[in-house]
Amino acid sequence: MLTGLLREATLQRKLSPVACGSALRSPNSVRPVLDTVVQYLPSPDQRNAALNTIFGDDLCGLVFKVGHDKRQGRLSYVRVYTGAISYKKQFVGLQRE
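Going by our numbering, the letters in the sequence shown line up with residues 745 to 841, in that order.
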């Protein structure tokens, strides 16, 4: 019951759970932290529900890093929220000023 209440409060952004662990001593120390993430935080489907209603299957993403490779040229690293990026697919980037 307490777990359900904590999850609801977390999903409603009324509280933020804090979990600590150290992988230096034992790899099993991180397991409770990962279990907490699974137990209290929303799944990707729940997080993107609002974006799915707005964009549907259209591409919605965020370019979070732009780099350069000697062979490939300019590289853009994209976090895709909805839709998909395929080989040689073109898309328009919008900027906020």
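Quick reminder that beta carbons are idealized off the backbone N, C-alpha and C, glycines included.
- Message: Along the chain, where does the beta strand (DSSP E) containing L750 start, and where does it finish?
- Response: Counting from one through the sequence shown, the residue named residue 750 turns up at place 6. From DSSP, L750 is part of no beta strand (DSSP E) but of the alpha helix (DSSP H) over L746 to L755.
- Report the three-state DSSP secondary structure of L795 (helix, strand or coil). By one-based count along the sequence shown, residue 795 stands at place 51. In this structure, L795 counts as helix in the three-state DSSP scheme.
- Under a three-way DSSP split, which group does L778 fall into? In the sequence shown, residue 778 corresponds to position 34, counting from 1. In the structure shown, L778 sits in a helix (DSSP, three-state: H, G or I).
- Beta carbon of R751, beta carbon of G765: below 9 Å? Sequence index remark: in the sequence shown, residue 751 carries index 7 (1-based). Sequence index remark: in the sequence shown, residue 765 carries index 21 (1-based). Contact: no.
- Query: So, L806 versus V822, is the Cβ gap smaller than 9 Å?
  - Reply: Taking the sequence shown and counting its residues from 1, one reaches residue 806 at position 62. Taking the sequence shown and counting its residues from 1, one reaches residue 822 at position 78. For the 9 Å CB-CB criterion, L806 and V822 form a contact.
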